[in-house]
Amino acid sequence: MIDKLDQYKLDFDDLIEVFPSALYVIKDYKIIDCNSAALQLFGYEKKVEVIGLGPYELSPELQPDGRYSNEKGKDIVDKALISEKPIEFQWTHLKKNGHSFVTDIRITNRNGLLFAVIFDIDHQEKIKNQLAEKNKIYQLLFENNKSVMLLINSMTGRIVKVNRATIEYYGYSEEELLSMKIAEINTLSEKEVKEEMIRAKKEDRNCFEFTHRLANGELRDVEVHSFPIEIDNESLLFSIIHDVSEIRSQKLMFDTLFFDSPDAVAILNKDQKIVNINRNFTNLFQYYLEDVKDGHIAEFVSTIDSEKQVVRNIQLLYQGEIIKQEGIRRRKDGKLLYVEIICYPIVSHNAIVGAYIIYLDITAKKASERQLNTFRKILEYSSEGLILTDADGNITWVNNAFIKITGYSLIDVIGKKTNILKSGYYEDSFYRDMWKELQTKGEWRGEITNISKRGLKIRVLLTIRGITDENNKTTHYVGSYRKL
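If you're matching positions, the sequence shown starts at 1 in full-length UniProt numbering and goes up one per residue.
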């Protein structure tokens, strides 16, 4: 179950890599991750050269305002950690070769992790100048880039330039693409496109989510990153298309596994608070997401007796341990449930960022076990001797009365054939007739003389019955002895 539910975890590195701009992630004033665009921007080849550095270590000693980079950088990080909104500022960075360059940086705080998006202002100007030189567009930008790129007239929506990757991706020829409007590829109406743009603006994102149609009719989910440029006094949109069908498919698979799981599942964040629950959590515990979101799991499902255990489990879970145990939990109306509990941490970059808690309702199972245990005790202390064998006549269990009547202990007879009780008084034909009647009628009953462990004759009334499974196949035989 853990392995299965562990598929929910989208590859964080892949998500960073598909981000088109340079990005690094800061924690405790240090860079803990970055994408390829950031390595390229700073002139590094491997992440290990960057991870562990402070952002100010990728900067000159002083910023243009005369402040030391390390002091100013820490002040900015402190400000970002308490800010509810992204902060933006200009910063002078250093490349690996020592060349300085001016950037626009936007830092967003997500639960203590700072995501810094870096825009090379000089690089943007170079791209615009390159686009202005029509004779170099394909060589410098389009033809050598594996990303799907288009230039679109911002007024008419007509496609004016495409690169080779665009032709290969959509399956249209260059001539066909240049005769089309982007709306002919986008499955949304113009009204729906505008609504998506409004949503993107409200959510403060620089990309749009669309479904595009390929030449063969196949639909693909894409993210479109666009920014305006001007070439020969013509206002254009430079758009980069990223296919996110696989990512969305993975998310859909996770959502399906999570929400439709037959077990009750809760997801906790790094602060041990509930961020999501599935349908069966609601069905089992009677809580909806709005009832429990941002609360601690112990508040909702613990009993007075189990609260300490729940709190301790959470502590161990966030220390990296996997928890599997049974216990009693409480639903909203106060009814107690017997559940199997499986908990395991969500790990990203060697840090625990959350946890899954899974509950399997075993209340009915426990009731059945108690009932079976009661029946077992009844049989164990029955005054009649009882013996249970498998389909081949090998003894698997006897009760106390059998032991008292025959003198054999359970250890003496377990795994042995019932013929250890044969007295030798009967011909083989007697046992063949017994077996035949047992197979045809499912039962044999009669008086018989057996022999005890001490060699004494035992006259008993013996009843043998076959036990069948759901396919009417005999799996066991049970014999009851009443001493005469």
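Glycine is no exception: its CB is placed at the ideal position from the N, C-alpha and C atoms.
Q) Where does residue 2 sit, in a helix, a strand or coil, going by DSSP? A) Any reading at residue 2 is ruled out, since the residue's pLDDT is 44, under 50, leaving its predicted position unreliable.
Q.
If you measure between the beta carbons of residue 346 and residue 356, is that distance less than 9 Å?
A. Cβ distance < 9 Å, so residue 346 and residue 356 count as in contact.
Q | Reference residue 294, options 269, 307 and 115, closest by Cα | A | Answer by Cα proximity: 269.
Q) Applying the criterion that 16 or more other CB atoms from any shown protein chain within 10 Å of the CB defines a buried residue, is residue 415 buried or exposed? A) By the 10 Å Cβ count, residue 415 comes out exposed.
**Q.** Beta-carbon spacing of residue 236, residue 153 below 9 Å
**A.** It is a contact, given that the beta carbons lie within the stated cut-off.
(Q) Looking at the strands, I want to know which residues DSSP matches up with residue 103. (A) Paired residue(s): 91 and 120.
Q) What separation, rounded to the nearest whole angstrom, lies between the Cα atoms of residue 265 and residue 341? A) Linking residue 265 to residue 341 through their CA atoms gives a straight-line distance of about 10 Å.
Q. When the Cα atoms are used, what is the spatial distance from residue 363 to residue 260?
A. Their Cα atoms are separated by approximately 21 Å.
Q: Please report the Cβ distance between residue 480 and residue 386, rounded to the nearest whole angstrom; I am assuming they are in contact, meaning their Cβ atoms lie under 8 Å.
A: About 6 Å; that satisfies the 8 Å criterion.
Q: In the DSSP assignment, find the unbroken beta strand (DSSP E) run with residue 73 in it and report its ends.
A: Judged by DSSP secondary structure, residue 73 falls outside any beta strand (DSSP E) and instead within the alpha helix (DSSP H) spanning 69 to 82.
Q | Boundaries (first-last residue) of the alpha helix (DSSP H) holding residue 440 | A | Start and end: 428 to 441.
**Q.** Terminal residues of the beta strand (DSSP E) in which residue 325 lies
**A.** Membership of residue 325 in the beta strand (DSSP E) is indicated by the continuous run 323 to 330.
Q) Given that a residue counts as buried once 16 or more other Cβ atoms are within 10 Å of its Cβ, and exposed if not, what is residue 73? A) Buried.
Q.
Any beta carbon of chain C sitting closer than 9 Å to that of residue 348?
A. No chain C appears in the structure shown, which is made up of a single protein chain.
**Q.** Cβ contact check for the stretch 219 to 234 and the stretch 308 to 325: 3 or more pairs under 8 Å
**A.** Cβ pair count under 8 Å is below three, so no.
**Q.** For residue 264, the three-state DSSP class (helix, strand or coil)
**A.** Reduced to three states, the DSSP call for residue 264 is strand.
Q) Could you give the C-beta distance for residue 26 and residue 114, rounded to a whole number, given that I count them as a contact under 8 Å? A) Contact between residue 26 and residue 114 is confirmed by a C-beta separation of about 4 Å, below the 8 Å threshold.
Q: Whole angstroms is fine: what's the gap from residue 478's alpha carbon to residue 280's?
A: Whole-angstrom Cα-Cα distance: 42 Å.
**Q.** Boundaries (first-last residue) of the alpha helix (DSSP H) holding residue 344
**A.** Residue 344 -> not in any alpha helix (DSSP H); beta strand (DSSP E) instead, spanning 336 to 348.
Q) What whole-angstrom Cβ distance do residue 169 and residue 148 have, given they're in contact under 8 Å? A) The Cβ separation is near 5 Å, so the contact holds.
Q: Compare the Cα-Cα distances from residue 424 to each of 299, 457 and 323 and report the closest residue.
A: Taking the Cα of residue 424 as reference, the smallest distance to any Cα among 299, 457 and 323 is reached at 457.
Q. Below 9 Å between beta carbons: does that hold for residue 185 and residue 213?
A. The answer is yes: Cβ separation under 9 Å.
**Q.** residue 405 (DSSP reduced to helix, strand or coil)
**A.** Looking at residue 405 - three-state DSSP - the assignment turns out to be helix.
(Q) Just verifying my parser: in three-state terms, what is the DSSP assignment at residue 474? (A) Strand at residue 474.
Q: For residue 382, name the three-state secondary structure that DSSP assigns.
A: Looking at residue 382 - three-state DSSP - the assignment turns out to be coil, as it is neither helix nor strand.
Q: Flag this pair as yes or no: are the beta carbons of residue 496 and residue 464 separated by less than 9 Å?
A: Outside the displayed range of the chain (1 to 484) lies residue 496, so it cannot be described from this structure.
Q) In three-state DSSP terms, what is residue 109? A) DSSP places residue 109 in the strand class (E or B) of the three-state scheme.
Q.
Tell me the DSSP secondary structure of residue 361 in three-state form.
A. It is a strand residue.
Q.
Distance check for residue 57 and residue 31, CA to CA, integer angstroms please.
A. Residue 31 and residue 57: Cα-Cα distance of roughly 10 Å.
Q) Is the CB-CB distance between residue 523 and residue 151 below 9 Å? A) Examination of residue 523 is not possible in this model, given that the chain is present from 1 through 484 alone.
Q: Would you check if there are 3 or more beta carbon pairs closer than 8 Å linking the stretch 297 to 306 to the stretch 378 to 397?
A: The stretch 297 to 306 vs the stretch 378 to 397: no contact.
Q. Which residues in the same chain as residue 368 place their Cβ atom closer than 8 Å to its Cβ, once the five residues preceding and following it in sequence are excluded?
A. Cβ within range, chain order: n/a, list empty.
**Q.** Burial state of residue 287, where buried means 16 or more other Cβ atoms lie within 10 Å
**A.** Answer is buried; the Cβ neighbour count reaches 16.
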